[in-house]
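Our numbering applies: residue 1490 is where the sequence shown begins, and numbers increase by one. Presented below is the structure to which this report refers.
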Amino acid sequence: MSTTILSRKTRQKAYDMLARYLSCPTSPLRESVKTQSFECVRRSSSKNLQAANWEVHKVPDALKGMDPAPIAFGPGVHPDDPFFFHEPAQIARGHQFANIPLVIGGTLDEGTDFVPSIDSPSSLLTYFSQTRPGLTFAIETPAAKHALEEFISLYSDDPSQGSPFGTGNETFGRGTQTKRGAAIFGDWLFEAPRREFTREAAKAGLPVWSYQFSQPGYWPPEYGVGHFADVQMIFRWFDENTPKEMAELSNTILDYWFNFVYHLDPNPKDGNLPLWLQYGSQSRSLQLKARNLTMITDDFRQDQIEWLMSQKHLYI
1490 MSTTILSRKT RQKAYDMLAR YLSCPTSPLR ESVKTQSFEC VRRSSSKNLQ
1540 AANWEVHKVP DALKGMDPAP IAFGPGVHPD DPFFFHEPAQ IARGHQFANI
1590 PLVIGGTLDE GTDFVPSIDS PSSLLTYFSQ TRPGLTFAIE TPAAKHALEE
1640 FISLYSDDPS QGSPFGTGNE TFGRGTQTKR GAAIFGDWLF EAPRREFTRE
1690 AAKAGLPVWS YQFSQPGYWP PEYGVGHFAD VQMIFRWFDE NTPKEMAELS
1740 NTILDYWFNF VYHLDPNPKD GNLPLWLQYG SQSRSLQLKA RNLTMITDDF
1790 RQDQIEWLMS QKHLYI
């Protein structure tokens, strides 16, 4: 649920532009040629695919983040697809998902490594309008563009309110709108879909355990606890300089994970770890931080995320 899905027309437009850049057949195509087009794209090198992705978005060099995302072409909705037979939000709200226990969560600063240095509100709007395919191609409605402007206005341009969170007015030598942009990106593509799915799964009666990984140390300070930092911890990407408390946190997380795999409950039978309460109706989440495992409430940036989840023009 860390992705949104745009319309078929948007995705087809993105695919055609990728294919054209890679000198592959484009729409309209006969059925026999569609396979040829897809195979042509699939045979392309990762370097050429990445170049095509940037060409589709037409993002200026100054607006490219550290991570080459979002991708221009992604999953689309089809009634015969076993996973995306409706938009993800519709699937979540209809409780059309497997009835199994879940562990779901994210990092404190999901958006930091995707957003470049941004100096002005106008550049911030340009960045978001040029990194969302539907808006770039002018396929989405004028209402979507208006919604985007309103969404951005919900986030303060005070650096102390931006991501990486908890770093005060420090801008790390980057543009004054960068932390604001990172907060927006993280909520839009990660936190809002995650929170809605977690909430709906709990409403459906599924045992759900939520976490927020909040341990810094893997990333330079300007990226905080960025996207994928929890995975790095789980797979122990350590070296001789790794602090002891981070190794201890990794062991703790693995204990929770192994208990979940074996017992469908992350809490150990011998009770040697802090109790990880289910998400439930109180939106409880476990903060994963060295020597500070604490139950917190998943209600950060409540107004912004609730507004986003209500907007069909931006959140689908």
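Backbone N, C-alpha and C define an ideal beta-carbon position, used for all residues, glycine too. Note that this is a predicted model, so its numbers are computed, not measured.
Problem - Beta-bridge partners of Gln1884, as assigned by DSSP - result: No information on residue 1884 is available, as it lies outside the stretch 1490 to 1805 that the chain covers here.
Handout entry: C-beta atoms of Pro1590 and Phe1749 nearer than 9 Å
Key = Locating residue 1590 in the sequence shown gives position 101, where the first residue counts as 1. Locating residue 1749 in the sequence shown gives position 260, where the first residue counts as 1. Yes. Within cutoff.
Exercise for the section: Take Tyr1768 as the anchor and find which of Asp1792, Arg1684, Glu1528 has the nearest alpha-carbon. Expected result: Position 279 of the sequence shown, counted from the first residue, corresponds to residue 1768. Selected option, being the one with the closest Cα: Arg1684.
Exercise for the section: Work out the CA separation of Tyr1707 and Thr1615 for me, nearest whole Å. Expected result: In the sequence shown, the residue the question calls residue 1615 occupies position 126. In the sequence shown, the residue the question calls residue 1707 occupies position 218. Straight-line Cα distance between these residues: approximately 30 Å.
Exercise for the section: For Gln1793, name the three-state secondary structure that DSSP assigns. Expected result: Here residue 1793 is taken as the residue at index 304 of the sequence shown, counted from 1. Three-state DSSP puts Gln1793 in a helix.
Practice task
For Phe1686, count neighbouring C-beta atoms within 10 Å of its own C-beta (all shown protein chains included) and say buried if the count is 16 or more, exposed if not.
Solution key: Taking the first residue of the sequence shown as 1, we reach residue 1686 at position 197. Per the 10 Å Cβ criterion, buried.
Exercise for the section: Go ahead and pull the three-state DSSP assignment for Gly1675. Expected result: Within the sequence shown, residue 1675 is the residue found at index 186, counting from 1. DSSP places Gly1675 in helix when its eight states are reduced to three.
Exercise for the section: Determine the contact status of Leu1552 and Ser1611, defining contact as a CB-CB distance below 9 Å. Expected result: To locate residue 1552, count along the sequence shown from 1; it is residue 63. To locate residue 1611, count along the sequence shown from 1; it is residue 122. No; because the gap between Cβ atoms is not below 9 Å, this pair is not in contact.
Practice task
Pair every Cβ in the region 1664-1672 with every Cβ in the region 1725-1733, then say whether three or more of these pairs are closer than 8 Å.
Solution key: no
Exercise for the section: Look at the alpha carbon of Phe1762 and the alpha carbon of His1575, and state the distance between them as a whole number of angstroms. Expected result: Locating residue 1762 in the sequence shown gives position 273, counting from the first residue. Locating residue 1575 in the sequence shown gives position 86, counting from the first residue. Checking the sequence shown, residue 1762 turns out to be Leu, not Phe. Leu1762 and His1575: Cα-Cα distance of roughly 39 Å.
Practice task
Taking only beta-carbon positions, decide if Gln1650 is within less than 9 Å of chain D.
Solution key: Considering every chain present, this structure includes no chain D. It has just one protein chain.
Practice task
Can you give me the start and stop residues for the beta strand (DSSP E) that Trp1765 sits inside?
Solution key: Along the sequence shown, read from residue 1 onward, the residue named residue 1765 stands at position 276. That residue, Trp1765, is in no beta strand (DSSP E); it is neither H nor E in DSSP.
Handout entry: Closer than 8 Å: Thr1601 CB and nearest the ligand ADP heavy atom
Key = Looking at this structure, you won't find the ligand ADP or any other ligand, since it has none at all.
Handout entry: CA-to-CA distance, Asp1754 to Phe1617, given in whole angstroms
Key = As a first step, residue 1617 is located in the sequence shown; it is residue number 128 there, counting from the start. As a first step, residue 1754 is located in the sequence shown; it is residue number 265 there, counting from the start. Approximately 39 Å between the Cα atoms of the pair.
Handout entry: Spatial neighbours of Asp1788 in its chain, beta-carbon cut-off 8 Å, leaving aside the 5 residues before and after
Key = Here residue 1788 corresponds to residue number 299 of the sequence shown, with the count starting at 1. Counting only Cβ-Cβ distances below 8 Å, and skipping sequence neighbours, we find Ser1772.
Exercise for the section: Could you please give the first and the last residue of the uninterrupted beta strand (DSSP E) stretch that includes Ile1785? Expected result: Against the sequence shown, residue 1785 aligns to sequence position 296. Note, Ile1785: beta strand (DSSP E), 1783-1786.
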